[in-house]
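Worksheet for the structure shown next.
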Amino acid sequence: MSKTKVCVMRLLFLGSAALLAVGIAASLVGSQSSSEGKARSIVDTINLAFTPRGCFGNGESSPVFSVMWTAIYTLNIFSILYLTIRGFGENDDKSDRDDNMFNASGVVGAAFFLTCVWPSLFSKAYREDYRVESWPLWFSTAVSAVSAVLATVGLAWLHPGLNSDRVLGIFVGVPWSIFAGWMIAATGIGLNLAIANDNHSEHSRDPKKPSVEPALAALVAAIAAGLLGSPVLAAPMLIVCFFVSFTWASGIAGLLSVLGIIAGSVRTALV
18 MSKTKVCVMR LLFLGSAALL AVGIAASLVG SQSSSEGKAR SIVDTINLAF TPRGCFGNGE
78 SSPVFSVMWT AIYTLNIFSI LYLTIRGFGE NDDKSDRDDN MFNASGVVGA AFFLTCVWPS
138 LFSKAYREDY RVESWPLWFS TAVSAVSAVL ATVGLAWLHP GLNSDRVLGI FVGVPWSIFA
198 GWMIAATGIG LNLAIANDNH SEHSRDPKKP SVEPALAALV AAIAAGLLGS PVLAAPMLIV
258 CFFVSFTWAS GIAGLLSVLG IIAGSVRTAL V
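Under our numbering, the final residue of the sequence shown carries the number 288; numbering is consecutive throughout.
Here it is in structure tokens:
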């Protein structure tokens, strides 16, 4: 391979690492700019059946959000390190997708960047009179949805499960898949909260009715996992199902997530 092509490939990998790093840094800063107490109060006020709480639906405080974001940040930091190492060490034509890698990193970086505005926006829904403002819930859900779309598009650009570069799939595809899957799950939960809040039907301590929105989000994640050959993409919703009360909706969401993992695994195996 010519020296010019080697140089270009190195720059593309280094540029990919930089784009991803900017997005993650912005997301980390944004996560520190909101009140966790307000967010918890909002969730407790609406109190949906599918709202993540303790494991298997026990308790009012769920670790699933912190666990998922810690995993996402940690794994994607390893992705940055991997891309940086490839950028400084690339000297042969292992992959013909380096330009796609750069484009995909820009899209995923933008998805991370969007998440920096979500915490403060969501917290604005809190009111001290035990009411929840509607517009911040809808806007924060829209932000989650756009972020989910961008992350999935970036993943599709890379299509890690169908890429001959398996190492790239492990160090980049898996972290991106978890991020995309989590944003799809978060969009389903946010949509559930926003609709229930507008209906004013869940502002009580009565038994909560299951909602279909998270199940639809699980279906979207399962389809994407199968098409992209990325079984990990369906895993976040499955994890969430262990942190909510069991209803027909959470059961369907969990089943669809399992089917998505199977479909993604089969799709990858057939390549």
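No residue lacks a Cβ here, since even glycine has one placed at the ideal position from N, Cα and C.
So what does DSSP say about residue i, is it helix, strand or coil?
i    : result
V149 : strand
D113 : Bear in mind that a pLDDT of 48 at D113, under 50, signals an unreliable position, so the number given afterwards is only what the model happens to contain. Three-state result, D113: coil.
A270 : helix
Would you grab the beta carbon distance between residue i and residue j for me? Rounded to a whole angstrom, and I think it's under 8 Å.
i    : j    : result
S83  : T132 : Between T132 and S83 the Cβ distance is about 14 Å, and since that is not below 8 Å, they are no contact.
A238 : A202 : 7 Å
I256 : A232 : At roughly 15 Å, the Cβ-Cβ gap does not stay under 8 Å, so I256 and A232 are not in contact.
G104 : F30  : 4 Å
N214 : L154 : 6 Å
S13  : F260 : Beyond the ends of the chain as shown, which are 18 and 288, falls residue 13; an answer cannot be given.
T253 : G198 : Looking at the sequence itself, residue 253 is Pro, so the reference to Thr does not match. That pair is a contact at about 4 Å.
Is the beta carbon of residue j closer than 8 Å to that of residue i?
i    : j    : result
V249 : S194 : yes
S96  : F156 : no
L236 : I63  : no
P227 : F67  : yes
G207 : A251 : no
W174 : A121 : yes
V125 : G40  : yes
F130 : S44  : yes
M200 : A241 : no
S33  : L100 : yes
I279 : P192 : no
S274 : G190 : no
I59  : A142 : yes
G243 : G277 : yes
Could you tell me if residue i is buried or exposed, where buried requires 16 or more neighbouring beta carbons within 10 angstroms of its beta carbon?
i    : result
I102 : exposed
F139 : buried
C72  : exposed
L11  : An answer regarding residue 11 cannot be provided, because it is not within the stretch 18 to 288 covered by the chain.
R70  : buried
C258 : buried
E150 : exposed
G171 : buried
T204 : buried
N93  : buried
L65  : buried
V81  : buried
T285 : buried
L98  : exposed
D113 : With a pLDDT of only 48 at D113, under 50, the local geometry of the prediction cannot be trusted, and the value read off the model is given with reservation. Its Cβ having fewer than 16 others within 10 Å, D113 is exposed.
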